[in-house]
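Visitor:
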Amino acid sequence: MTNARTYANYPPAQAHEIPYRAPPAPQNPVVKGALLHYLANIVAAVPGLPSLLWSNAGFTSLRKLKEIEKIDPRYDPTVTPIPKSGDKAPTSHTHVTKLRAPPSNADGRFYSIADFHDAYKNGRLTPVDVVEAILPLIRRDVENRSSHSTAFVNSRVDLVMQAAEASTKRWKEGNPLGILDGVPFGVKDDVNVKGYGRYIGTKRDYNEGKEVETSWCVRKVEEEGAVLVGKLNMHELGMDTTNNNPWWGTPLNPYNPNYYCGGSSGGPAYAVSSGLIPFAIGSDGGGSIRIPSNYCGLYGLKPSHGRVSIAPLHNAGKSVTVYGPISNNMGDLEVFFRVLAQPDPSQHASSQFAPPKPVSTPRNKTIGICKGWFDRADPIVQEKCQDALRYFTSELGYEIVDITLPFLYEGQMAHAMTILAEGATSTKNISNLTPANKILMRVAQQTPATDFLLAQKLRHVFMQHLAHLFAQHPGLVIVTPTTPNAGWPIGDGELAYGMTDGNTQVRNMEYVWLANFTGVPCIQFPVGFVEGKAKGERKGKVPVGMMGHGDWGCEDALVEFGFDGERWLHEGCEGGRLRPEGWVDVLEKRV
1 MTNARTYANY
11 PPAQAHEIPY
21 RAPPAPQNPV
31 VKGALLHYLA
41 NIVAAVPGLP
51 SLLWSNAGFT
61 SLRKLKEIEK
71 IDPRYDPTVT
81 PIPKSGDKAP
91 TSHTHVTKLR
101 APPSNADGRF
111 YSIADFHDAY
121 KNGRLTPVDV
131 VEAILPLIRR
141 DVENRSSHST
151 AFVNSRVDLV
161 MQAAEASTKR
171 WKEGNPLGIL
181 DGVPFGVKDD
191 VNVKGYGRYI
201 GTKRDYNEGK
211 EVETSWCVRK
221 VEEEGAVLVG
231 KLNMHELGMD
241 TTNNNPWWGT
251 PLNPYNPNYY
261 CGGSSGGPAY
271 AVSSGLIPFA
281 IGSDGGGSIR
291 IPSNYCGLYG
301 LKPSHGRVSI
311 APLHNAGKSV
321 TVYGPISNNM
331 GDLEVFFRVL
341 AQPDPSQHAS
351 SQFAPPKPVS
361 TPRNKTIGIC
371 KGWFDRADPI
381 VQEKCQDALR
391 YFTSELGYEI
401 VDITLPFLYE
411 GQMAHAMTIL
421 AEGATSTKNI
431 SNLTPANKIL
441 MRVAQQTPAT
451 DFLLAQKLRH
461 VFMQHLAHLF
471 AQHPGLVIVT
481 PTTPNAGWPI
491 GDGELAYGMT
501 DGNTQVRNME
511 YVWLANFTGV
521 PCIQFPVGFV
531 EGKAKGERKG
541 KVPVGMMGHG
551 DWGCEDALVE
561 FGFDGERWLH
571 EGCEGGRLRP
581 EGWVDVLEKR
591 V
């Protein structure tokens with residue numbers, strides 16, 4: 001049972017039993033196309049208009065909460081388990097026995113780490129063969145660019161080939177470093193990598209051309225021999241959930257090109273879903289790993305706050321943003337997470353976490369549902385999630401309990417206020433942003449300190465209440481749909497000029513914000529596919545996902561929950577798992 005005696009900074013368990021209240025209908029203006037450019041200039045020029053938009057967004061709602069007056073604010077959601085005596089890391093996270101690969105006959109099977117490992121082991125392919133198949137598809141610096149290249153910002157061919165050749169040499173000498181040796185992967189562009197710029201979805205290199213050190217988590221993956229093939233496209237500043245990016249292009253959903261990939265880790269999700277790479281590193285400040293994983297039919301884990309080191313960066317969304325894995329199957333996600341989450345001695349939070357390792361004792365199988373909140377999802381999304389939940393209870397031994405969560409609408413506003421204010425303070429030049437983000441950052445700059453403090457008070461309320469729920473139901477997994485909607489269709493004129501649709505954005509983030517604001521881990525996995533409804537000649541199914549939130553530091557238990565979700569998709573879900581029509585067969589070197 002989790003408690004304050006075994007964790008550092010664990011919040012006091014305190015119930016805040018507030019009846020669920022449905023949120024008011026959002027009243028944000030929806031603007032797209034050329035009109036957006038003019039609106040951005042008006043917002044910048046008209047005194048008082050940004051403040052009016054700030055109030056109109058609903059941020060003043062926290063002022064009405066008498067219940068939080070005597071609550072202390074909490075600025076940092078980091079909660080770290082105190083390692084037990086003798087709690088040592090496994091000698092290897094990447095030994096071949098560590099991998100639980102999906103069955104070879106699974107429906108809609110993607111290539112996993114095991115497939116690359118086997119191809120290298122039996123000599124059918126080398127890592128050089130694989131990257132030579134991938135690079136022509138993903139390079140932006142060639143005359144006839146592939147459509148896949150939109151998902152990438154840059155690929156340093158010299159560095160890619162150098163890593164692939166070193167891996168090939170190890171394999172030929174019979175000395176591979178482990179199951180990741182030679183496996184290609186990608187990194188979202190807000191993560192630092194030596195030899196690469198860091199644009200964060202903008203047209204400006206935030207590294208300013210200076211040489212930087214590779215982030216700790218990327219180094220850990222490269223030390224296992226995995227081959228970084230490039231940095232990946234993202235929504236500008238990570239400040240929306242579509243990955244609409246007029247600067248770098250907008251990758252289209254591999255399942256249905258009339259839909260967005262989701263953001264802000266849309267490039268990583270596209271690259272994994274299309275088959276170019278089996279896994280990627282994303283970042284998540286407001287669902288930015290889980291939303292694109294949901295839209296692209298993938299597995300994504302938002303770790304506990306501080307669990308995966310972000311060094312050497314000082315992240316813009318410092319109190320809400322984490323790095324984590326996106327993968328096409330649970331076996332790969334498990335291994336990838338364990339490598340990413342190795343404690344970083346230079347970072348206090350990361351260094352305090354016990355080394356990740358598989359669950360070795362029986363776990364409680366309790367699912368918590370906040371019914372009023374869950375029922376906010378569209379009927380087709382509810383249907384797919386309920387089908388999965390029936391399987392969890394009837395076949396896998398789970399129990400479902402009713403739970404309450406207080407101030408859900410106000411909590412979402414508090415999270416949005418926090419990430420926007422933190423982002424605005426680290427954005428140097430608003431004038432160089434897309435029109436949508438010029439407006440958003442100008443509005444974010446209007447946040448009064450008093451309201452920011454109210455948001456941190458509400459953060460503490462949520463953390464106290466979650467601690468109460470986890471004490472009441474040890475092993476509890478709080479389950480919601482990942483998004484209340486099945487995908488986000490691309491509207492007319494949006495790709496060329498961008499767009500701002502705060503109403504859909506707020507709804508799209510209805511469930512994901514809780515994990516970011518409180519620091520708990522959360523896993524997303526696909527539970528089904530529905531017919532797309534967007535206009536366009538090319539049709540395709542749209543994935544639907546479900547999320548599980550766990551206690552601080554309990555990623556290992558959530559991984560097991562994810563494996564149960566994968567079992568549903570392959571064994572219980574009608575139609576099984578689907579693979580995108582344009583999936584790339586990189587091991588056979590054909591598209």
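For what it's worth, UniProt numbering labels the leading residue of the sequence shown as 1, then goes sequentially.
We put the beta carbon where it would ideally sit given N, CA and C, even for glycine.
1. Could you tell me whether the Cβ atoms of Ala486 and Val544 are closer together than 8 Å?
2. Rounded to a whole number of angstroms, what is the C-alpha to C-alpha distance between Ile71 and Gln445?
3. Assuming residue 665 contacts Ser327 under a Cβ cut-off of 8 Å, what Cβ separation, rounded to an integer in Å, is found between them?
4. Which of helix, strand or coil does DSSP assign to Phe563?
5. Measure how close the beta-carbons of Thr482 and Arg290 come, nearest whole angstrom, since I'm counting them as under 8 Å.
6. Give the DSSP-derived three-state secondary structure of Thr366 in the structure shown.
7. Could you give the first and the last residue of the continuous alpha helix (DSSP H) run that contains Ser283?
8. Is it buried or exposed for Arg459, if we count other Cβ within 10 angstroms and need 16 for buried?
9. Could you give the DSSP three-state label for Pro77: helix, strand or coil?
10. What three-state label does DSSP hand Leu252 in the structure shown?
11. Nearest by alpha-carbon distance to Gln27: which of Glu222, Gly548, Gly493 and Leu53 is it?
12. Please state the DSSP three-state secondary structure of Leu495.
13. Assuming Gly519 contacts Thr78 under a Cβ cut-off of 8 Å, what Cβ separation, rounded to an integer in Å, is found between them?
14. Just to confirm before moving on: does the CB-CB distance between Leu340 and Val461 stay below 8 Å?
15. Between Gly262 and Asn243, what straight-line distance do the alpha-carbon atoms span, to the nearest angstrom?
16. So, are the CB atoms of Tyr259 and Val542 less than 8 Å apart?
17. Quick one: Cα of Arg139 to Cα of Lys98, how far?
18. DSSP three-state call for Lys539: helix, strand or coil?
19. Report the partner residues of His549 according to the DSSP bridge assignment.
20. Give every residue of the same chain whose Cβ lies closer than 8 Å to the Cβ of Ala311, excluding the five residues on either side of it in the sequence, and list them in chain order.
21. Relative to the C-alpha of Ala44, which candidate in Asn207, Phe561 and Asn429 has its C-alpha closest?
22. One question on the structure: do Leu514 and His465 come within less than 8 Å of each other, judged by their Cβ atoms?
23. Along the alpha helix (DSSP H) that carries Leu340, what are the first and last residues, could you check?
24. If you compare alpha carbons, which of His473, Trp552, Gln382 and Met413 is closest to Met463?
25. What does a CB cutoff of less than 8 Å around Glu566 pick up in its chain, not counting 5 residues either side in sequence?
26. Do you know offhand how far Asp76's Cα is from Ser426's?
27. Helix or strand or just coil, what does DSSP make of Val506?
28. With the cut-off set at 8 Å, would you say His235 and Gly266 are in Cβ contact?
29. Phe470 bridges to which residues according to DSSP?
30. Could you pull out every residue in the same chain whose Cβ sits closer than 8 Å to the Cβ of Glu410, ignoring the five residues on either side in sequence?
31. If contacts are defined as beta-carbon pairs under 8 Å, then Val559 and Glu334 qualify, I think. What distance do you get, rounded to the angstrom?
32. CB Ile400 to CB Leu408, shorter than 8 Å?
33. Reducing DSSP to helix, strand and coil, say where Gly372 ends up.
34. Alpha carbon to alpha carbon, how far is Pro12 from Ser264?
35. With distances taken Cα to Cα, identify the nearest neighbour of Ala496 among Arg577, Ser304, Pro246 and Pro19.
36. When the Cα atoms are used, what is the spatial distance from Gly423 to Arg442?
Guide: By the coordinates alone:
1. yes
2. 25 Å
3. In the structure as shown, the chain starts at 1 and stops at 591, and residue 665 therefore has no counterpart that could be examined.
4. helix
5. 6 Å
6. strand
7. First-last for Ser283: Phe279 to Asp284, but that is the beta strand (DSSP E), not the alpha helix (DSSP H).
8. buried
9. coil
10. strand
11. Leu53
12. helix
13. 6 Å
14. no
15. 6 Å
16. yes
17. 33 Å
18. coil
19. Ile478 and Cys522
20. Ser215, Trp216, Asp344, Ser346, Gln347 and Ser350
21. Asn429
22. no
23. Met330 to Leu340
24. Trp552
25. Pro102, Tyr299, Asn329, Met330 and Phe525
26. 18 Å
27. helix
28. yes
29. BP columns for Phe470 are empty, so no partner.
30. Ser61, Leu62, Leu65 and Leu458
31. 5 Å
32. no
33. helix
34. 33 Å
35. Pro246
36. 11 Å
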